[in-house]
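Colleague: Numbering (the UniProt record's numbering), first residue to last: 1 to 238.
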Amino acid sequence: MPHTVLGSYRGEWFTASTPEQARLLSDPVALRHLEPFMGRTLGAAAAAGEAGVSVERMLYRVRQFLKAGLLQEVGQERRAGRPVRLYRAPGGLQVPFTLTPFADLEAQVIRHSAPYDRLRARASGRRLQRLDHHARLIYRDGQGKVHSETEVPGAEVLAAFPSRDFMGVMWLDDATARRMSGLLDEWRELLGQHSAGSEHSAGNKHSGRIKGTQPYLVQMVLLALDPHEPDELTGPPG
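Structural data, given as structure tokens:
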């Protein structure tokens, strides 16, 4: 059973078994058209409305998904005139990397992290605009290492905003790395509990918006780098 982080799923998992299924499930545009049907029964027009596309475009994708085995026709909704065909896709989809069109795992990570990288840059820019002063700091520390980072405002200014943003390459001993890893696990568990509570209290299961909340980009990264790879330990970006 796969372990999820951003939400909970207790249904059955569908595992992609063909390169075409994996290709479609790795394509953000195709996935946008499949999403309305996941774990739900809908007609093409209703799905098109949710996805924000034309009915003709959705019908093209429906035929594509049916042929690939990602969508099933499960019935019809009677109405005046022609009945509406109803479709359903699995609520949970697992895509083995060996079937995907990516050259390697690094290429897959780049594709799927790109939207989050753009979100981070956009949100960070907005955050900096709220500050009276912001600058890039480039300096050599007491140990002789050169760093480049965004100037951090004082504690009083930071306290006014819950947002935090930090990224950098640091040399850690094993004990410190494991301690940080444990803290990240605790934070991930906390977010999982919050997500479960949000699902329970949300009136609309298909919307992440709950009164009194706002979206935050959450990134948890602690990755060991290869000290023998010079491009992983490059100098500071300008």
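Heads up, the beta-carbon is just placed ideally off N, CA and C, and yes, glycines get one too. Owing to the predicted nature of the structure, the values given are computational and were not obtained by experimental measurement.
1) Can you give me the start and stop residues for the alpha helix (DSSP H) that Val74 sits inside?
2) Is Met58 helix, strand or coil by DSSP?
3) Below 8 Å between beta carbons: does that hold for Thr15 and Pro101?
4) For the beta strand (DSSP E) containing Val146, name the first residue and the last one.
5) Given this structure, state the Cα-to-Cα distance separating Arg32 from Gly142, to the nearest angstrom.
6) Considering only the alpha carbon of each residue, which of Pro36, Arg61, Gly43 lies closest to Glu50?
7) Where do the ends of the alpha helix (DSSP H) carrying Gln94 lie?
8) Would you kindly work out how many angstroms separate the C-alpha atoms of Ser8 and Gly192, rounded to a whole number?
9) Quick check: Ala47 and Met58, are their CB atoms within less than 8 Å of each other?
10) So, using beta-carbon positions, are Leu184 and Tyr116 closer together than 8 Å?
11) So Tyr87 is in the beta strand (DSSP E); what residue range does that whole segment cover?
12) Using DSSP with H/G/I as helix, E/B as strand and the rest coil, what is Met1?
13) Work out the CA separation of His133 and Glu151 for me, nearest whole Å.
14) When you compare only the Cα positions, how much space is there between Asp165 and His147?
15) Check Ile210 in the structure and name its three-state DSSP category.
16) Report the CB separation of Leu86 from Thr18 in whole angstroms; it is logged as a contact under 8 Å.
Modeller: Taking the geometry as given:
1) Note, Val74: premise wrong, no alpha helix (DSSP H); beta strand (DSSP E) at 72-77.
2) Assignment of Met58 by DSSP, reduced to helix, strand and coil, places it in the helix class.
3) No. Outside cutoff.
4) According to the DSSP assignment, Val146 belongs to the beta strand (DSSP E) that extends over 146-150.
5) About 50 Å.
6) The candidate whose alpha carbon is nearest that of Glu50 is Pro36.
7) Not the alpha helix (DSSP H): Gln94 falls in the beta strand (DSSP E), residues 92-94.
8) Spanning the two alpha carbons is a distance of roughly 8 Å.
9) In this structure, Ala47 sits near Met58, with a CB-CB distance shorter than 8 Å.
10) The beta carbons of Leu184 and Tyr116 sit no closer together than 8 Å.
11) Where Tyr87 is concerned, the enclosing beta strand (DSSP E) stretches over 84-88.
12) It is coil, neither helix nor strand.
13) Cα to Cα, Glu151 sits roughly 9 Å from His133.
14) Near 16 Å, if we compare the C-alpha coordinates of His147 and Asp165.
15) Three-state DSSP puts Ile210 in coil, outside helix and strand.
16) Not confirmed; about 24 Å, so no contact.
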